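Residue numbers (my numbering): 17 to 86. Even for Gly, the Cβ is constructed at its ideal location relative to N, Cα and C. For clarity, every value in this text was computed on a predicted model and none was experimentally measured.
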């Protein structure tokens with residue numbers, strides 16, 4: 017059992033850079049990961065990376081800086 021087994025993490029900006037790295041690290045620690053960001057293609061790629069490790073992942077395209085969209 018890993019540290020975050022059974023937990024769910026939400027990462028904003030999960031499609032690239034630090035957000036991507038955090039999402040992958042959280043998945044590596046056992047969490048299911050939901051990622052959000054503006055670029056649906058990048059999110060899908062990160063989602064595929066996570067699910068390839070056997071962890072659950074959900075990509076949610078959107079802009080968290082737009083309060084009407086959240």
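Helix, strand or coil at residue 76 [DSSP, three-state]: strand
Residue 116 in three-state terms, based on DSSP: An answer regarding residue 116 cannot be provided, because it is not within the stretch 17 to 86 covered by the chain.
Alpha-carbon spacing of residue 79 relative to residue 48, whole angstroms: 21 Å
Residue range of the beta strand (DSSP E) that includes residue 52: 48 to 53
Residue burial classification, residue 24 (beta-carbon count within 10 angstroms, cutoff 16): exposed
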